[in-house]
Amino acid sequence: MQNIAEHMEVIGADGVHIGTVDRVEGNRIKLTKKDSGEGSHKGHHHFIDKGLVADVEGNKVRLSANASVAVTMEEEK
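Sequential numbering from 18 applies to the sequence shown in the working numbering.
So this is what it looks like as structure tokens:
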């Protein structure tokens, strides 16, 4: 997981875009605010647990869960 770097695209197992890596903090990937969505989530960072990472391919981080499932596992802070 050391290969995860800033500006990499995070995609679900289904190939759907989830977000863009801002940085790695401990066991979580912090996504950029621009991928935070609308409404109450707008302007907040979201996090994906590194345990969901299946592979790092080029400049993409592929998760083991589909995008719709991974998004429900995000945490805002």
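Virtual Cβ for every residue (Gly too), placed ideally from N, Cα, C.
Every value quoted in this text rests on a predicted model; they were computed, and no experiment measured them.
- Our two residues, Thr49 and Val78, have alpha carbons roughly 14 Å apart in a direct line.
- The secondary-structure analysis by DSSP pairs Gly36 across a beta bridge with Val27.
- Take the alpha-carbon of Gln19 and the one of Val73: they are about 10 Å apart.
- Assignment of beta-bridge partners to Leu80 by DSSP yields Val70.
- Bounds of the beta strand (DSSP E) holding Ile46 are Arg45 to Leu48.
- Contact between Met25 and Val33 does not hold, since their C-beta atoms are separated by about 15 Å, which reaches or exceeds 8 Å.
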